[in-house]
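Everything on this sheet refers to the single structure shown next.
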Amino acid sequence: MSSDSSWHSVGLYLVWMALVLGLVMWGGPWLIAAVGPVLSNVVLGIPVLVLAVLQLRGQRREYRRLETQGDPQPLRPPFEYEPSAQGTRSFSWVIGGGFLLLTLTLAGAGNYSLLAPGLIVSLMLMALGQEDVRHARAMDARLREDTAKEA
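First residue of the sequence shown? That's 596 in our numbering, and the numbers climb one at a time after it.
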């Protein structure tokens, strides 16, 4: 996957999420008034869960491809993949924890309308960070294996 297509997919993902957010902001109050907060959590939670699962599966598929076929631009020793992944994991845990705290704060204040989607998004962000570290460890092991074969 080239750098250009990667940025294209990130841009497309952000546009898609902005459209979904706009739809939720526009239709959310109507949905809550029509079916109540519990059923609206189910209605909003299912598409968010589907998008989260698709995002995780896509990332795992790409990582598995890189782990089996190798990185087209591998790092050269003494550099490793894991140190950069640690920063990504920390960032995703901070953002995911912030979403979780915000969701629980809203629920504590009596606003349960975004409880399910908020929990799903926060846990997905944390899982993406963990997946990055797992992938980085696998890539470092492959890098050490390739370096040992060359020597």
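Cβ coordinates follow ideal geometry from the N, Cα and C atoms, glycine included.
- Only residues of its own chain outside the window of five on either side were considered, and among them 735 have a CB closer than 6 Å to the CB of residue 675, listed in chain order.
- The region 681 to 745 contains, as complete alpha helix (DSSP H) runs of 4+ residues, the segments 710 to 745 (chain order).
- In this structure, the straight-line span from the alpha carbon of residue 711 to that of residue 744 is close to 49 Å.
- Comparing C-alpha distances from residue 689 to each of 638, 717, 702, 667 shows the shortest one belongs to 717.
- Residue 680 sits buried, since 16 or more C-beta atoms from the chains shown fall within 10 Å of its C-beta.
- Here residue 660 is exposed. Its C-beta has fewer than 16 other C-beta atoms within 10 Å.
- Classified as exposed, residue 616 has fewer than 16 neighbouring CB atoms from the shown chains inside 10 Å of its CB.
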